[in-house]
Amino acid sequence: MQASVHRLVLYPLAAVRAGPIRTSLLSPVLRLCSPSSRSLFSDTGVWEKDYRVETRRQVEEWWHPRIKTQWQKHAEENATKKKFYVLSMFPYPSGRLHMGHVRVYTISDTIGHFQRMRGHQVLNPMGWDAFGLPAENAAIERGLDPEEWTKSNIRSMREQLDSLGLCFNWDREVTTCLPDYYRWTQYLFIKLFEAGLAYQKEAVVNWDPVDQTVLADEQVDENGRSWRSGAVVEQKMLRQWFIKTTNYAKPLLDALADLPEWYGVKAMQANWIGQCTGCYFDFKLMVNGEETGETLSAYCSSPETVFGAAYLAILPSHRLLRGSSSVRLVLEKAFQAGRDSLTEVTARNLFTGHEVPLVISHKEAFDDYLDTVIGIPDSSEEDLSVAKALNLNWTTVLGSDRDGTQTLINSNEFSGLSREKAFHLITQKAQEQKVGGHLTSSKLRDWLISRQRYWGTPIPIVHCGSCGPVSVPEEDLPVTLPKVPSLTGRGASPLEAAHDWVSCRCPRCKGPARRETDTMDTFVDSAWYYLRYTDPQNPHRPFDRHLADDWMPVDVYIGGKEHAVMHLYYARFFCHFCQDQDLVTHREPFRKLLVQGLIKGQTFRLAEGGQYLKREEVDLTGREPVALSGGRVDVTWEKMSKSKHNGLDPREVVEQYGIDTARLFILYAAPPDQDILWDVKTDAIPGVLRWQSRVWQLVTKLRGARQIGEAPNPSLLKKKELAESRKIWQNKNYAIQEVTSHLTEDFHFNTAISRLMGLTNSLSSASVRVAQHSVEFEEALASLVLMIAPMAPHLASELWAGLCRVENLLSPVLQCGGDVLQQSWPTVDPEYLEVPDFLELSVLINNKVCGKVTVSLQESTDPEKVEKLVLESPLGQELLRERSIKRVILSSRTALINFLVDQ
């Protein structure tokens with residue numbers, strides 16, 4: 001065996017300081033050769049007085065793996081603690097993180113650390129929404145297998161997430177394109193099929209000519225363009241699979257009332273669903289008294305009057321007039337443009353048993369959404385007019401009792417009932433008979449899930465000439481995607497080319513059959529992934545009910561507001577359905593929703609032509625920006641995009657500013673639901689950089705004070721110093737109260753950080769003797785570091801290490817051992833809650849005492865609130881109403897506020 005040879009390579013100092021990724025590759029020998037390259041307290045026991053760039057890099061390099069290890073140990077603990085499930089919407093694996101990813105996962109990571117410090121068993125999982133058109137299109141462009149492309153992107157993005165120090169429960173990772181996941185998507189589809197909620201019909205659909213697939217109505221924007229490709233959508237007649245979400249419209253609408261406010265999303269959901277005051281009834285179509293096999297569902301706005309139907313009306317654009325229906329020719333013969341047309345086709349109501357004629361309406365739309373309605377003259381003047389014009393017969397179904405209240409007549413067993421009571425009983429009975437009756441709105445549509453593409457979950461249905469559509473037996477799942485020779489993105493579904501896969505045997509009669517070649521919309525995969533996270537390795541069922549019930553509902557769900565309608569609606573539907581299938585206890589999947597805004601970059605666009613320019617292609621020195629090539633430039637803020645030249649690589653941000661600075665900026669720049677305008681010249685990034693240095697200086701201050709002369713002794717403090725300590729104690733408790741509230745209730749991390757900055761100011765202004773002898777100073781600083789920890793875990797970990805080894809500690813808080821993220825979240829001292837609610841605040845004008853104002857203790861440390869209270873007080877109205885205020889100073893040490901005004 002050849003002896004190993006160790007070679008010492010000397011790198012330039014610039015390379016050593018290039019960042020945590022590069023320095024981690026250097027040998028221990030090299031690090032020892034350069035004393036300035038390793039001065040971290042946790043490693044050497046030597047405290048750096050200043051928080052320099054090199055110190056920050058060393059801190060993050062040292063603590064990065066240790067924090068992840070701590071999180072993993074926490075995840076493996078006995079689940080005896082109260083659970084907390086924080087979930088961020090999983091990403092599509094594009095291969096590269098963008099700043100929007102960094103924002104959403106920073107928020108979930110912060111909440112996860114915070115709740116763990118509060119004593120919860122925290123679940124913060126991560127996975128991949130891995131099916132879909134982008135991967136298939138990328139594979140077509142590059143001649144690759146979409147599976148290989150997707151898996152490569154997942155590896156890349158997981159490394160990027162790890163480099164940001166994010167603590168996910170990676171042992172629960174799910175990937176929707178893997179058979180062990182989509183097997184259970186197929187299982188749930190079969191459950192829907194067996195319940196009559198998944199069905200196939202010919203329909204006029206939205207066709208994307210670029211992506212060559214069908215789009216749901218929700219995926220077409222108000223300008224008639226595809227949500228993904230931007231192409232003008234075409235109308236096409238195809239046989240498609242639908243999920244009958246309309247059956248759950250009323251429960252989904254009603255359940256919103258029991259949820260907390262969701263940043264306006266509840267209203268968006270309610271508006272999307274609409275008022276559920278009507279329902280559909282099923283009809284069988286007939287020609288010359290013979291059933292054609294066609295079933296039609298028609299909307300009835302007054303279900304209690306259904307026995308008074310005079311006709312069934314369809315639009316001229318209805319599928320019966322456009323498809324291969326057996327009644328199409330009969331209908332076309334009767335169609336006369338410009339007025340309502342009576343046809344030879346009739347329809348038998350499966351609920352009432354009554355047969356009514358089919359009418360082709362002259363309208364282009366019913367209520368802007370419907371294409372099939374029941375005409376009931378007793379409940380609509382318009383229906384009455386149509387029935388009279390066509391000389392139709394109908395039954396009167398509305399009468400009045402002695403009090404003038406409308407009641408039903410000629411309505412079988414419902415006669416004599418009030419309209420309200422009949423409404424409930426008729427819809428209930430129709431549901432029981434499975435012929436309609438589910439309350440829904442006139443604007444809602446069933447969910448179209450068919451996609452004519454390859455890279456998606458195969459629909460587990462076999463088409464048999466004898467048996468019709470038959471579900472694949474559960475024991476034969478998953479129906480895996482076959483390998484296909486090539487993907488072109490054109491024509492029929494690529495699965496049609498997999499002949500050996502398409503041809504099969506019917507599970508029921510064993511005769512020849514064909515597999516369904518449409519795949520599912522990727523929204524189906526993401527409609528239940530939050531349940532799989534609770535039991536991700538289960539090979540026998542989608543999830544164990546006991547485990548799902550233990551973790552569900554999700555306590556905080558975090559994601560973009562663009563998913564407020566479609567994804568949330570589908571996810572809620574699936575959870576309602578799973579409860580009805582006795583798979584889960586909880587009907588609603590998400591307790592709180594936290595929607596985050598966009599991170600926008602500055603864009604430069606030619607005023608004429610609209611071409612996007614790079615910043616270096618624009619002259620910004622004049623009054624108006626102009627292109628170097630000529631032409632006026634419009635400057636705006638838009639969603640970051642490579643094509644707009646305003647994107648930002650998270651790796652560059654971390655390399656320049658560090659992980660914790662990036663996290664703090666994202667949390668501090670704006671409340672989560674508002675957009676962030678990324679501009680490093682604003683106060684946000686310089687502000688959080690200065691604040692980190694100031695907190696570091698506080699630890700330096702305490703360490704230095706405890707090394708001065710006599711041992712710390714609170715009894716040595718004088719009256720003024722005791723008052724100063726008391727004020728620090730109040731500020732500490734106020735900060736704990738406020739920050740805890742923001743991290744549990746409204747998630748205004750920016751305000752929470754402002755409170756911590758206020759506490760930092762209070763501690764920074766403390767005298768050296770207070771730092772030397774005050775237990776209040778020590779405990780306030782400890783609380784400050786603990787509250788910083790969820791937001792800037794690397795910095796806080798090093799600060800805590802520096803605090804815990806301060807000489808002559810007074811407080812037991814710093815003597816309990818363990819790293820900062822292993823500590824308990826600070827709590828408000830009981831005494832603070834018992835102290836008087838108000839205090840007298842001295843009001844100074846240009847440094848001269850002019851009077852006093854009473855303010856609440858909790859508001860006494862908030863400069864904006866105190867200023868407003870003083871200005872609105874009689875004293876303020878008398879002395880300051882007509883004055884021009886230049887500056888207002890609220891003392892952090894004594895109860896006074898000073899207004900500096902023009903003389």
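Residue numbers (full-length UniProt numbering): 1 to 903.
Beta carbons are placed, not taken as given, at the ideal position from N, Cα and C, and that holds for glycine.
Remember, predicted model here, so these are calculated numbers, not experimental data.
Give every residue of the same chain whose Cβ lies closer than 6 Å to the Cβ of residue i, excluding the five residues on either side of it in the sequence, and list them in chain order.
i    : result
L30  : Any reading at L30 is ruled out, since the residue's pLDDT is 29, under 50, leaving its predicted position unreliable.
V435 : D282, L350 and F351
S58  : It should be noted that the sequence gives Gln, not Ser, for residue 58. Cβ within range, chain order: L40.
E776 : S725, I728 and W729
F335 : S341 and I360
S297 : Y280 and D282
E738 : R755
A662 : V653 and V654
R319 : E202, A203 and V204
L390 : L342
Do residue j and residue i have their beta-carbon atoms positioned less than 7 Å apart in this structure?
i    : j    : result
A780 : L763 : yes
G851 : L821 : no
W551 : K83  : yes
M286 : T346 : yes
P650 : M99  : yes
Q431 : H438 : yes
D675 : G601 : no
V86  : N124 : yes
P93  : T150 : yes
S441 : C300 : no
L331 : L321 : yes
T457 : T519 : yes
D535 : D544 : yes
E294 : R419 : no
V470 : V479 : no
N761 : S860 : no
V855 : V843 : no
V633 : F665 : no
Q240 : A203 : yes
L358 : L312 : yes
I736 : V828 : yes
T246 : L444 : yes
Who pairs with residue i in a beta bridge, going by DSSP?
i    : result
P377 : Bridge partners of P377: none, in fact.
G127 : V174
A347 : L285 and V356
F838 : S856
M520 : S450
R651 : None; R651 has no bridge partner.
D619 : V626
E290 : V287
K639 : K600
V820 : DSSP, once it has assigned bridges, lists no residue as partnering V820.
R726 : None, per the DSSP bridge assignment.
I67  : Bridge partners of I67: none, in fact.
G559 : V595
R505 : P512
H463 : P469 and R514
L87  : Y557
Please go through the same chain and pick out, in chain order, the residues whose beta-carbon is closer than 7 Å to the beta-carbon of residue i, but skip the five residues on each side of it.
i    : result
P209 : A231 and E234
P712 : R706, Q772, H773, N808 and L810
Identify, in the order they occur along the chain, each residue of the same chain with its Cβ nearer than 8 Å to the Cβ of residue i, setting aside the five sequence neighbours on each side.
i    : result
R703 : W47, G802, V806 and E807
V484 : Y454, P494, L495, A497 and A498
V265 : K561, A564, L568, L593 and V595
V5   : With a pLDDT of 33 at V5, under the threshold of 50, the predicted position of this residue should be treated as unreliable, though the coordinate-derived value follows. Excluding positions up to five away in sequence, the list is empty.
Stretch-stretch touch, CB-based, cutoff 8 Å, three pairs: the region 772-789 with the region 748-764: yes
Report yes or no: do three or more beta-carbon pairs, one from the region 578-592 and one from the region 547-561, lie closer than 8 Å? yes
What are the uninterrupted segments assigned as alpha helix (DSSP H) that are 4 or more residues long and contained completely in the region 203-262, given in chain order? 249-255
Continuous beta strand (DSSP E) assignments of at least 3 residues falling wholly in the region 564-611: 590-596 and 599-606
Give, in chain order, every unbroken run of the alpha helix (DSSP H) that is at least 4 residues long and sits entirely within the region 36-65. 41-44
Are three or more beta carbon pairs between the region 142-162 and the region 94-112 nearer than 8 Å? yes
Contact between the region 256-263 and the region 399-411 is defined here as three or more beta-carbon pairs at a separation below 8 Å; is this criterion met? no
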